[in-house]
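If you read the sequences in order, they're chains R and H.
As numbered in our numbering, residues 71 to 606 make up the first sequence, in order.
As numbered in our numbering, residues 209 to 725 make up the second sequence, in order.
We put the CB at the ideal spot given by N, CA and C, even for glycine.
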Amino acid sequence: MAAVAARGCGGAVCRRAWQRGVARKARGGAVPAGKSGLAPWVPVVGLEIHAQISSNSKLFSGSQVQFAAPPNSLVSFFDASLPGTLPVLNRRCVEAAVMTGLALNCRINKKSLFDRKHYFYADLPAGYQITQQRVPIAVNGSLSYSLCIDNKMSQMVTKTVRIKQIQLEQDSGKSLHDDIRSQTLVDLNRAGVGLMEVVMEPDMCCGEEAAAAVRELQLILQALGSSQAVMAEGQLRVDANVSVHHPGEPYGVRTEVKNINSLRFLAKAVDYEIQRQIEELENGGTILNETRAFDSKLGCTVPMRDKEGKQDYRFMPEPNLPPLILYDAKSLPANVSHQQVVNIDWIHERLPDLPSVKRAKLVEQYGILPEHSFTLLQNEDGLTEFFENVVKQTQMKPRKVIGWILNDLLSYLKQHSLTVKESPVSSFLLADLLNLLEKKEISAAAAKQVLAELWKGEGKTPLEIVKEKKLELIQDQKELEQICQVVIDGHENEVMAIKAGNRKVLNKLIGLVQRETHGRSNPVLVKQLLEKKLSE
Amino acid sequence: QVSVALKEGQVTPTQLCQRCLALIRSTKFLNAYITVAEETALKQAEESEKRYRRGQPLGVLDGIPVSVKDNFNTAGIETTCASNMLKGYISPYNATVVQKLLDQGAVLLGKTNLDEFAMGSGSTDGVFGPVRNPWSYSRQYKEKSVSKSHSEDEESNWVITGGSSGGSAAAVSSFTCFAALGSDTGGSTRNPAAHCGVVGLKPTYGLISRHGLIPLVNSMDVPGILTRCVDDAAVVLGSIAGHDPKDSTTIQDNFMPFELPDLTDVSKLSIGIPKEYHAPGLSSEILALWSKAADLFKDAGAKVIEVSLPHTRYSIVCYHVLCTAEVASNMARFDGLEYGHRSDMNESTESMYAATRREGFNDVVRGRILSGNYFLLKQNYENYFIKAQKVRRLIANDFVKVFRSGVDILLTPTTLSDAVPYMEFIKEDNRTRSTQDDILTQAANMAGLPAVSVPTALSEKGLPVGLQFIGRSFQEKQLLTIAKWFEKQVKFPMIQLEEVKRLDHGVFQHQKSASFS
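In structure tokens, the structure reads:
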């Protein structure tokens with residue numbers, strides 16, 4: 071029963087072929103099996119993702135949820151597991167899990183159960199975690215995600231990973247080890263915060279796929295608002311289960327990699343672990359079913375000492391919580407409002423647009439390329455809104471606007487590590503600038519110069535900058551004709567070549583006119599003028 | 209009746225409270241109380257007195273002295289569970305039931321003794337020592353026992369209260385309070401009630417909030433009520449029952465308090481006598497009382513029929529698995545970190561845990577944790593825990609079938625025999641004792657049904673014997689109405705205590721009939 075039907079990536083689908091450990095990062099086509107007498111390795115990656123639910127209060131208590139509050143300032147009697155306290159389920163957390171389940175195409179269980187998972191740890195005050203081991207709230211879903219091949223945006227492939235289940239559970243507190251005084255300090259602020267554990271089936275085969283799948287999940291969670299899903303703040307934590315095997319053989323022994331706190335590290339950790347396992351096996355070693363931690367400084371995984379040995383969690387039903395019953399339109403009892411019960415259909419109707427739908431809408435509405443829609447949603451929170459705002463305020467076609475957003479704006483922001491919201495150029499200013507360009511008052515080259523000024527954030531409008539720097543296009547046709555004439559007169563050889571039929575040289579002349587006018591001439595107009603003069 | 213006296217001003221809440229406190233002092237040897245909250249009790253009595261003077265008492269319970277088993281959280285008053293683990297622990301909050309009593313003006317005298325973490329059936333296994341049954345010092349018992357064990361030291365003749373709510377039962381029985389809260393997981397309220405000659409009510413699971421009750425077995429624990437008469441039990445029930453947002457297993461509805469009617473006609477009732485309760489070890493004396501009680505109903509015109517609850521005999525072993533498993537889980541929180549005892553051992557967190565738990569828990573608790581964890585191991589879970597849950601369902605279904613067949617109420621003995629002397633009791637270990645003593649009470653917890661033990665008669669040794677009524681789920685009113693009729697028929701004698709007599713300056717004349725309602 072252990073092996074799940076392979077899906078997603080066979081060796082052919084995955085662009086990275088894993089082979090006998092010669093080169094650490096073997097790239098390129100599939101390894102020709104048989105040549106060496108050995109089949110290539112097939113890596114298998116599954117993920118367990120803990121997403122902190124975005125809610126005002128904790129899963130089973132009324133204490134507030136807040137990042138970086140003073141230690142132990144958000145702890146109720148229940149969170150500290152004072153004797154005699156009982157859990158009371160937070161409705162908001164249930165709704166967040168239902169939303170997430172629906173967004174991930176899961177079957178929502180109308181009856182789910184809570185269980186206790188026991189282990190002793192300083193930041194687990196009750197000695198057990200309340201989770202959903204037997205019957206989780208959502209099962210059997212799927213997540214489609216896209217990734218580009220060889221970093222080329224134009225070559226995107228879409229893949230699907232199955233979602234095994236989503237379960238509600240409590241977060242633990244945090245232990246802070248003070249090695250100097252050899253003591254452990256415990257902060258229970260996080261203890262009892264609601265988590266959704268999303269279990270992804272082992273349908274992925276490399277770090278990049280894992281990272282792309284998690285990124286898509288992150289976008290979905292953020293679109294739903296069910297989790298803020300910021301990895302750096304621990305709202306999204308990813309554990310990767312990695313194994314390798316030969317095609318046609320059962321899955322290999324897997325290891326669990328923990329301590330991954332960014333998408334980049336996720337990709338790195340998974341790839342490292344795959345390569346490590348291959349090398350280990352190639353060298354006649356065996357893989358232990360163990361938990362390993364990713365060391366981001368060393369870029370490798372190391373066995374976790376304190377997780378050695380198999381734990382028996384001694385699961386048992388949580389006796390203080392009745393089964394969690396959800397309703398749909400059909401099963402909803404009469405005279406009950408949606409505020410008293412959780413109605414799956416009601417939530418379904420109110421789901422916001424998911425990233426995939428948003429992308430499709432962007433492509434349809436603005437006529438931009440699909441890969442651009444990915445970049446819009448992929449990169450930065452608020453980028454789409456920025457784009458849409460610019461489009462609203464300018465006559466320029468969205469297909470042209472997107473270039474300014476994705477090339478100019480994004481690269482500037484990246485260079486200066488700024489978020490969209492921190493951009494010194496507002497959507498209003500950019501639209502203003504693009505309008506000047508669109509009305510042919512300035513050239514594209516001049517527009518870049520203006521933008522460079524705008525980044526300084528000195529509060530000037532594009533028009534002011536244009537005036538100040540005298541960047542407006544030369545509207546006086548006579549003046550332009552004169553300049554063209556000067557250029558023609560000074561470049562006899564080029565003129566001859568053009569007249570002999572080498573039209574390409576015309577571009578050189580256009581460029582020369584541009585230079586002469588400091589970019590203040592409209593190339594289309596210049597071309598016309600030059601052509602006219604040359605045919606005279 | 210005391211309530212009437214309070215209303216009429218024949219006695220003030222402060223006088224009443226002081227009288228009870230004096231009695232607690234004079235009966236200290238019973239070891240019924242772990243903590244006596246003299247100061248706060250007197251303050252509460254004073255408040256109550258003001259309300260009476262204004263003519264605005266909060267209800268029947270206003271000014272009534274009550275006690276609470278020491279496994280209910282009480283803000284500002286130590287809550288120990290009779291364990292080293294929680295010695296000195298002062299909870300920051302009140303259990304819902306405690307809060308409800310206080311909200312209705314009851315005066316909380318103190319916290320009563322129990323077996324450590326309510327694990328036991330004798331009230332002999334707590335760190336504060338065993339509770340002594342007030343009947344050991346009654347004229348009734350002394351007269352009968354002296355002749356038999358003349359040679360023995362009188363000191364060694366005292367009998368146990370039963371448990372684990374023995375302190376609460378002894379407190380009510382010795383007149384130190386008018387009502388007490390116990391807890392009932394396998395019979396812990398009814399068993400000591402029977403041995404101490406008081407009424408012990410275990411309501412339906414889910415009718416009363418468990419918030420603030422330090423759990424033994426969450427899925428079976430119910431706060432229990434110990435009083436001197438059935439009417440009092442109904443009053444206390446009315447004041448503490450109903451939905452609690454802090455306990456998700458309570459019923460959704462609010463509970464409507466009721467007064468018990470005086471039943472005159474029992475001819476429409478069908479009383480079931482479950483034959484399985486004729487258990488091995490049942491004393492002939494109790495068997496005789498049981499059939500006498502059945503005859504009482506029969507003679508009054510009720511239909512009395514023998515019924516069968518075939519799975520009853522598996523109840524104890526099933527309970528053993530479910531109880532220890534939950535105990536193992538519930539006790540995991542006592543690690544010395546957040547509260548309670550913490551060992552000085554500080555080599556590592558793990559060694560501190562181990563030492564804390566070794567020092568904090570007695571053998572009984574540790575033993576149950578050990579076996580519970582064994583049953584929950586992955587390789588055992590299916591064979592033990594799941595099986596036990598299935599058996600539990602069968603036991604519950606037995607009751608469903610019997611009640612569906614038209615039986616209104618079941619009549620059974622509460623205990624196999626009357627209370628045994630302490631010296632006798634401790635010859636067997638806690639586990640053996642619990643196994644024997646819970647045998648007649650346990651199944652009601654498995655099924656979550658309401659049950660009440662009513663003092664019926666004195667045994668040959670002059671000790672109380674109780675019989676148990678088990679009712680349908682949430683049919684407390686019917687259960688108690690029948691119990692009240694029965695109580696009236698059997699005319700259980702008053703305990704005659706030298707200590708009480710000495711202090712009996714009139715106030716307790718009102719108490720002669722033992723009730724406040």
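Among the CB atoms of chain H, one or more fall inside 8 Å of the CB of Asp382 of chain R. Distance from the CA atom of Gly375 of chain H to the CA atom of His403 of chain H, rounded to whole angstroms, is 12 Å.
Taking the beta carbon of Leu152 of chain R as reference, the chain H residues within 9 Å of it are Asn281, Ser299, Pro300, Tyr301, Arg541, Glu546 and Tyr547, listed in sequence order.
The beta carbon of Phe137 of chain R lies closer than 7 Å to those of Glu303 in the same chain, with the five residues before and after it left out.
Here the segment 563-571 of chain H makes contact with the segment 286-294 of chain H; the two share three or more CB pairs at distances below 8 Å. Annotation for Ala240 of chain H: no beta strand (DSSP E) segment contains it, and DSSP assigns it neither H nor E.
Beta-bridge partners of Asn413 of chain R (DSSP): R:Tyr397. Cα atoms of Glu492 of chain R and Gly355 of chain R: separation of roughly 52 Å, rounded to the nearest angstrom. Of all C-beta pairs linking the segment 211-219 of chain H to the segment 260-269 of chain H, three or more are shorter than 8 Å, placing the two stretches in contact. DSSP places Glu632 of chain H in the helix class (H, G or I) of the three-state scheme.
Taken through DSSP and simplified to helix, strand or coil, Phe148 of chain R comes out as coil. Leaving aside the five residues that flank Ala379 of chain H on each side, the residues in its chain whose CB is nearer than 6 Å to its CB run, in chain order, Ala240, Ser275, Thr320, Cys385 and Ala388.
With a contact defined as Cβ atoms closer than 8 Å, Ser382 of chain H and Pro400 of chain H miss out at about 13 Å. Residue pairing by DSSP places Leu238 of chain R opposite R:Met266 in a beta bridge. In terms of beta-carbon proximity, Tyr561 of chain H lines the interface with chain R, with at least one pair separated by less than 8 Å. The Cβ-Cβ distance between Gln298 of chain R and Ser124 of chain R falls below 8 Å. Proximity of Phe184 of chain R to chain H, defined by a Cβ-Cβ separation below 8 Å, is not satisfied.
With a cutoff of 8 Å on beta-carbon distance, Val209 of chain R and Cys163 of chain R are scored as not near each other. Arg186 of chain R is a Cβ neighbour of Glu388 of chain R, given a cutoff of 8 Å. The C-beta of Ile544 of chain R has 16 or more other C-beta atoms within 10 Å across all chains shown, which makes the residue buried.
Per DSSP, reduced to three states, the secondary structure at Leu584 of chain H is helical.
Of R:Arg324, R:Ile200 and R:Leu183, the smallest CA-CA separation from Asp149 of chain R is found for R:Ile200. In this structure, DSSP gives Arg324 of chain R a state outside helix and strand, which the three-state scheme calls coil. At a cut-off of 8 Å between C-beta atoms, Gly420 of chain H counts as an interface residue with respect to chain R.
The beta carbon of Thr254 of chain R lies closer than 8 Å to those of Ala192, Ser245, Leu246, His247 and Asp248 in the same chain, with the five residues before and after it left out. The C-beta distance from Ala173 of chain R to Tyr215 of chain R rounds to 13 Å, too long to meet the 8 Å contact threshold. The beta carbon of Leu477 of chain H sits closer than 8 Å to the beta carbons of Phe505, Ala510, Lys511, Asp616, Ile617 and Ile690 from its chain, once the five residues preceding and following it are set aside; these are given in chain order. Approximately 15 Å separates the beta-carbon atoms of Pro494 of chain R and Trp474 of chain R; this is outside 8 Å, ruling out the contact.
The Cβ atoms of Pro431 of chain H and Leu421 of chain H sit closer than 8 Å to each other. Annotation for Asp185 of chain R: the continuous beta strand (DSSP E) segment containing it runs Asp185 to His188. Every unbroken stretch of the beta strand (DSSP E) spanning 3 or more residues and falling wholly within the segment 346-409 of chain H is given here in chain order: 387-392.
By the C-beta criterion, the segment 441-457 of chain R is judged not to be in contact with the segment 402-422 of chain R, since fewer than 3 inter-stretch pairs fall below 8 Å.
Each of H:Leu317, H:Leu269 and H:Ala303 was checked against the Cα of Gln226 of chain H, and the nearest Cα belongs to H:Leu317. Annotated three-state conformation of Ile448 of chain H is helix, per DSSP. Residue burial annotation: Glu695 of chain H is buried, with at least 16 other C-beta atoms found within 10 angstroms of its C-beta. In the DSSP assignment, Tyr198 of chain R falls within the beta strand (DSSP E) that extends over Tyr198 to Thr201.
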